[in-house]
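Peer 1:
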Amino acid sequence: MRFFDLNPSGRILNRFSKDLGAIDEWLAKCFLDAVQVTLMGVGSIIVTAIINPLFLIPIGILFMIFSYLRRFFLKTSKNLKRLEGITKSPVYVHLAATMNGLSTIRAFSAQEVLRNEFDHHQNLHTGAWYMYISVSQAFGFCLDILCCAFVCCVTMSFLLFDAKSASGSSVGLAITQSMALTMMLQWGIRQSAEVMNQMMAVERVLEYRELEPEQKEVRKAVDKTWPKEGEIQFKNVVYRYAKEMEPVLRGLNFKIMPGEKIGIVGRTGAGKSSLIGSLFRIAELEGEILIDNIDTSALSLEQLRSRISIIPQDPVLFSGTMRRNLDPFEEYPDELLWKALEDVKLKDIPALKIGGLQSLVASGGSNFSVGQRQLICLARAILRNNKILVLDEATANVDPETDGLIQETIRKKFSDCTTLTIAHRLNTIMDSDKILVMDFGKVAEFNTPYTLLQNKNGIFRGMIYATGNESKNLIAMIKKNA
1 MRFFDLNPSG RILNRFSKDL GAIDEWLAKC FLDAVQVTLM GVGSIIVTAI INPLFLIPIG
61 ILFMIFSYLR RFFLKTSKNL KRLEGITKSP VYVHLAATMN GLSTIRAFSA QEVLRNEFDH
121 HQNLHTGAWY MYISVSQAFG FCLDILCCAF VCCVTMSFLL FDAKSASGSS VGLAITQSMA
181 LTMMLQWGIR QSAEVMNQMM AVERVLEYRE LEPEQKEVRK AVDKTWPKEG EIQFKNVVYR
241 YAKEMEPVLR GLNFKIMPGE KIGIVGRTGA GKSSLIGSLF RIAELEGEIL IDNIDTSALS
301 LEQLRSRISI IPQDPVLFSG TMRRNLDPFE EYPDELLWKA LEDVKLKDIP ALKIGGLQSL
361 VASGGSNFSV GQRQLICLAR AILRNNKILV LDEATANVDP ETDGLIQETI RKKFSDCTTL
421 TIAHRLNTIM DSDKILVMDF GKVAEFNTPY TLLQNKNGIF RGMIYATGNE SKNLIAMIKK
481 NA
């Protein structure tokens with residue numbers, strides 16, 4: 001997962017679109033041209049040598065000069081080709097980001113800013129591309145001059161050294177063959193150089209083949225019903241996103257009993273999202289995370305992540321059908337899918353009345369509202385029916401009606417599940433069994449809301465009173481659920 005943090009989507013898209021396109025379309029064509037021209041050139045050399053063997057000397061000299069120029073050209077053109085590929089990635093990144101944020105851009109009238117940024121990225125790419133074209137044209141111009149000089153030498157050789165003995169037909173054949181030879185030699189050299197330049201695309205694609213996989217070995221399997229209880233225990237967990245980086249979680253130790261509802265709070269950068277990342281093993285960690293007394297490091301990533309449901313703050317939908325979004329691995333019958341949609345009040349929406357489960361979902365779910373996208377993610381979690389549910393403030397970006405529906409559905413459908421809720425709004429976790437307060441990557445407080453409220457110097461108490469007038473309602477909710 002660290003790879004996707006370091007490489008923006010535009011860079012990856014560039015590799016799988018432009019580079020693969022160059023391999024499919026240009027590399028094979030250039031290679032075929034180079035082979036054909038080489039074979040035709042060999043035939044022309046043989047014919048010319050039969051007429052006048054002395055021609056082999058200037059042909060050899062010309063070939064050596066061409067080879068030297070080719071090596072000199074490749075040093076520059078390969079680097080320019082690499083530079084062109086590097087400068088193209090930011091263009092894709094900017095376009096993708098702009099398309100995803102069109103509504104925000106229009107709302108803040110930031111079109112001019114984005115246009116200027118795009119022009120900047122495009123100018124850098126265009127500059128690299130035109131440098132490559134200019135170098136290629138200069139190389140071709142040098143080859144043209146050498147070819148003209150060679151034809152002149154062949155013609156003058158008949159006038160100066162072989163004017164009486166040579167017949168008109170042999171002279172004409174030699175000159176035409178020498179002209180054809182120089183053209184083929186020039187084109188062959190240029191195409192062979194182009195093959196080497198297009199191999200840069202192969203090099204860039206092969207870099208992805210050498211990427212270290214997220215998990216190297218196959219680990220032990222667990223029962224299909226795991227986890228049965230939903231108990232979670234952190235033992236001396238140290239978590240960092242890369243080996244060279246400072247840890248974001250520092251020695252976490254706590255235990256969550258089966259079925260407990262845990263609210264996770266903390267200031268920005270306290271480690272709330274990192275705690276969830278460690279649970280899903282987004283990056284390797286030190287220490288142990290036990291789920292039902294099984295160390296998660298002993299499980300495959302597929303097993304671990306498929307047994308924990310998550311409803312993110314920004315709902316993720318795929319381009320395709322509603323069925324594919326609810327059940328991408330086709331594990332459940334239609335009846336269960338419709339039941340999950342009914343549970344989140346989406347069964348009768350207009351978008352599903354015509355196509356049913358085969359109704360199309362646009363890229364990112366753009367043909368659904370934010371609230372509907374969040375409800376689809378909730379239906380997906382209901383369908384999986386896992387014993388552990390993670391909520392990353394699932395109701396932060398939805399309207400109050402949808403907020404109430406999500407909260408009600410979670411309480412009803414996940415009543416016997418262990419639930420971890422990252423809270424940005426304290427009122428969403430006041431009915432939790434316990435509150436886990438994160439501070440600078442450590443567990444600062446972990447107890448029931450009422451107990452934490454009694455700590456006058458506690459972080460949780462300070463966060464409640466920092467809400468101002470809302471604090472009275474929060475305290476009332478805590479006392480009601482105590």
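Residue 82 in the UniProt record's numbering is what sits at position 82 of the sequence shown, and the numbering runs on without skipping anything. We put the CB at the ideal spot given by N, CA and C, even for glycine.
DSSP three-state call for methionine 257: helix, strand or coil?
Peer 2: Translated into the one-based positions of the sequence shown, residue 257 becomes position 257. Coil.
Peer 1: Given phenylalanine 139, which residues of its chain have a CB within under 6 Å of its CB, disregarding the five upstream and five downstream residues?
Peer 2: Residue 139 sits at position 139 when you count from the first residue of the sequence shown. These residues qualify, in order along the chain: Phe73.
Peer 1: Looking at C-beta atoms only, is the number of pairs between the stretch 346-363 and the stretch 396-415 that lie closer than 8 Å three or more?
Peer 2: Contact between the stretch 346-363 and the stretch 396-415 is absent: fewer than three C-beta pairs spanning the two stretches fall below 8 Å.
Peer 1: Alpha carbon to alpha carbon, how far is arginine 15 from leucine 301?
Peer 2: Position 15 of the sequence shown, counting from 1, holds the residue named residue 15. Position 301 of the sequence shown, counting from 1, holds the residue named residue 301. Their Cα atoms are separated by approximately 26 Å.
Peer 1: Under a three-way DSSP split, which group does phenylalanine 118 fall into?
Peer 2: Walking along the sequence shown from the start, residue 118 turns up at place 118. Phenylalanine 118: helix per DSSP, three-state reduction.
Peer 1: Which residues in the same chain as lysine 78 place their Cβ atom closer than 8 Å to its Cβ, once the five residues preceding and following it in sequence are excluded?
Peer 2: Within the sequence shown, the letter at position 78 stands for residue 78. Met196, Asn197, Met200, listed in sequence order.
Peer 1: Excluding the 5 residues preceding and the 5 following lysine 220 in the sequence, name in chain order all residues of the same chain whose CB lies nearer than 6 Å to its CB.
Peer 2: As a first step, residue 220 must be located in the sequence shown, where it is residue number 220. Excluding sequence neighbours, lysine 220 sits near Ala298.
Peer 1: Report yes or no: do three or more beta-carbon pairs, one from the stretch 272-285 and one from the stretch 447-461, lie closer than 8 Å?
Peer 2: no
Peer 1: Could you spell out the range, first to last residue, of the alpha helix (DSSP H) harbouring asparagine 325?
Peer 2: Taking the sequence shown and counting its residues from 1, one reaches residue 325 at position 325. Segment 322-326, the alpha helix (DSSP H) holding asparagine 325.
Peer 1: Note the first and the last residue of the continuous beta strand (DSSP E) segment covering aspartate 439.
Peer 2: Here residue 439 refers to the residue found at position 439 of the sequence shown. First-last of the beta strand (DSSP E) with aspartate 439: 434-439.
Peer 1: Count the other CB atoms, across all protein chains shown, that sit within 10 Å of the CB of residue 494; report buried if there are 16 or more and exposed otherwise.
Peer 2: Since the first residue of the chain shown is 1 and the last is 482, residue 494 is not available in this structure.
Peer 1: DSSP three-state label for tyrosine 208, please.
Peer 2: By 1-based counting over the sequence shown, the position of residue 208 is 208. Tyrosine 208: helix per DSSP, three-state reduction.
Peer 1: Per DSSP, what are the beta-bridge partners of aspartate 295 in this structure?
Peer 2: As a first step, residue 295 must be located in the sequence shown, where it is residue number 295. Answer is Leu290, bridged to aspartate 295.
Peer 1: Apart from the five residues just before and just after glycine 263, which ones in its own chain have a Cβ nearer than 6 Å to its Cβ?
Peer 2: As a working note, residue 263 is residue 263 in the sequence shown. Here glycine 263 has Thr421, Ala423, Ile429, Ser432, Ile435 as same chain residues with Cβ atoms under 6 Å from its own Cβ, once five neighbours each way along the sequence are excluded.
Peer 1: Starting from alanine 444, trace the beta strand (DSSP E) in both directions and tell me its first and last residue.
Peer 2: Walking along the sequence shown from the start, residue 444 turns up at place 444. Per DSSP, alanine 444 belongs to the beta strand (DSSP E) from 442-447.
Peer 1: Would you kindly report the start and end of the unbroken beta strand (DSSP E) that includes valine 237?
Peer 2: For the purposes of this step, residue 237 is identified with residue 237 of the sequence shown, where counting begins at 1. That run of the beta strand (DSSP E) goes 232-239.
Peer 1: If you drop the 5 nearest sequence neighbours on each side, which residues of the same chain put their C-beta closer than 8 Å to that of tyrosine 465?
Peer 2: The residue given as residue 465 occupies position 465 in the sequence shown. Same-chain partners within the cutoff: Ser471.
Peer 1: Inspect the CB distances between the stretch 88-98 and the stretch 25-40 and report whether three or more fall short of 8 Å.
Peer 2: no
Peer 1: Do you know whose CA, among Lys261, Met257, Leu249, lies nearest serine 415's CA?
Peer 2: Sequence index remark: in the sequence shown, residue 415 carries index 415 (1-based). Closest option to serine 415, Cα to Cα, is Lys261.
Peer 1: When DSSP labels each residue in this structure, what does isoleucine 349 get in the three-state scheme?
Peer 2: On the sequence shown, residue 349 is found 349 positions in, with the first residue counted as 1. DSSP, read as helix, strand or coil, puts isoleucine 349 in coil.
Peer 1: Using CA atoms only, rank isn't needed, just tell me which of Gly356, Ser9, Arg267, Arg240 is closest to methionine 99.
Peer 2: As a first step, residue 99 must be located in the sequence shown, where it is residue number 99. That would be Ser9, whose Cα lies nearest to the Cα of methionine 99.
Peer 1: Among Asp144, Met184, Val35, Ser274, whose alpha-carbon lies nearest the alpha-carbon of lysine 442?
Peer 2: What you label residue 442 is simply residue 442 of the sequence shown in a count that begins at 1. The candidate whose alpha carbon is nearest that of lysine 442 is Ser274.
Peer 1: Indicate whether the contact test is met: 3 or more Cβ pairs, each with one atom in the stretch 364-373 and one in the stretch 333-340, closer than 8 Å.
Peer 2: no
Peer 1: Do the CB positions of serine 278 and isoleucine 289 come within less than 8 Å of each other?
Peer 2: On the sequence shown, residue 278 is found 278 positions in, with the first residue counted as 1. On the sequence shown, residue 289 is found 289 positions in, with the first residue counted as 1. Contact: yes.
Peer 1: Measure from the alpha carbon of aspartate 19 to the alpha carbon of each residue in Ile46, Arg82, Glu244, Phe3, then state which is nearest.
Peer 2: The count along the sequence shown starts at 1 and reaches residue 19 at position 19. Among Ile46, Arg82, Glu244, Phe3, the Cα nearest to that of aspartate 19 is on Arg82.
Peer 1: Give me the Cα-Cα distance between proline 247 and lysine 387, rounded to the nearest whole angstrom.
Peer 2: Here residue 247 is taken as the residue at index 247 of the sequence shown, counted from 1. Here residue 387 is taken as the residue at index 387 of the sequence shown, counted from 1. Their backbone Cα atoms lie some 29 Å apart in a straight line.
Peer 1: Rank Val205, Cys377, Glu244 by C-alpha distance to the C-alpha of asparagine 325 and give the top, closest one.
Peer 2: Along the sequence shown, one-based indexing puts residue 325 at 325. Answer by Cα proximity: Cys377.
Peer 1: Could you please give the first and the last residue of the uninterrupted beta strand (DSSP E) stretch that includes aspartate 24?
Peer 2: Within the sequence shown, residue 24 is the residue found at index 24, counting from 1. Counting along the chain, aspartate 24 falls outside any beta strand (DSSP E), and DSSP gives it neither H nor E.
Peer 1: Does the beta-carbon of proline 315 have 16 or more other beta-carbons within 10 angstroms, so that it is buried, or is it exposed?
Peer 2: The sequence position of residue 315 within the sequence shown is 315, counting from 1. Buried.
Peer 1: Give the straight-line distance between the Cα atoms of threonine 59 and glutamine 137, rounded to the nearest whole angstrom.
Peer 2: Position 59 of the sequence shown holds residue 59. Position 137 of the sequence shown holds residue 137. In the sequence as presented, threonine is not what sits at residue 59; that position holds isoleucine. So the alpha carbons of these two residues sit roughly 23 Å apart.
Peer 1: Pull up the distance between the alpha-carbon of valine 361 and that of glycine 251, whole angstroms please.
Peer 2: The residue labelled residue 361 in the question sits at position 361 within the sequence shown. The residue labelled residue 251 in the question sits at position 251 within the sequence shown. About 43 Å.
Peer 1: Buried or exposed, going by whether 16 or more other CB atoms sit within 10 Å of the CB of glutamine 177?
Peer 2: As a working mapping, residue 177 is identified with position 177 in the sequence shown. In summary, glutamine 177 is buried, with 16 or more beta-carbon neighbours lying within 10 Å of its beta-carbon over all protein chains present.
Peer 1: Any idea what DSSP makes of isoleucine 311, helix, strand or coil?
Peer 2: In the sequence shown, residue 311 corresponds to position 311, counting from 1. DSSP places isoleucine 311 in strand when its eight states are reduced to three.
Peer 1: From arginine 204 to methionine 477, what distance separates their C-alpha atoms?
Peer 2: For the purposes of this step, residue 204 is taken as the residue at position 204 of the sequence shown. For the purposes of this step, residue 477 is taken as the residue at position 477 of the sequence shown. Going from the Cα of arginine 204 to the Cα of methionine 477 covers about 57 Å.
Peer 1: Less than 8 Å between C-beta atoms, sequence neighbours within five positions excluded: which residues of the same chain meet that for valine 154?
Peer 2: Taking the first residue of the sequence shown as 1, we reach residue 154 at position 154. Taken in chain order, the residues that qualify are Phe55, Pro58, Ala174, Ile175, Ser178.
Peer 1: Locate the alpha helix (DSSP H) running through leucine 405, then write down its first and last residues.
Peer 2: As a working mapping, residue 405 is identified with position 405 in the sequence shown. Note, leucine 405: alpha helix (DSSP H), 400-413.
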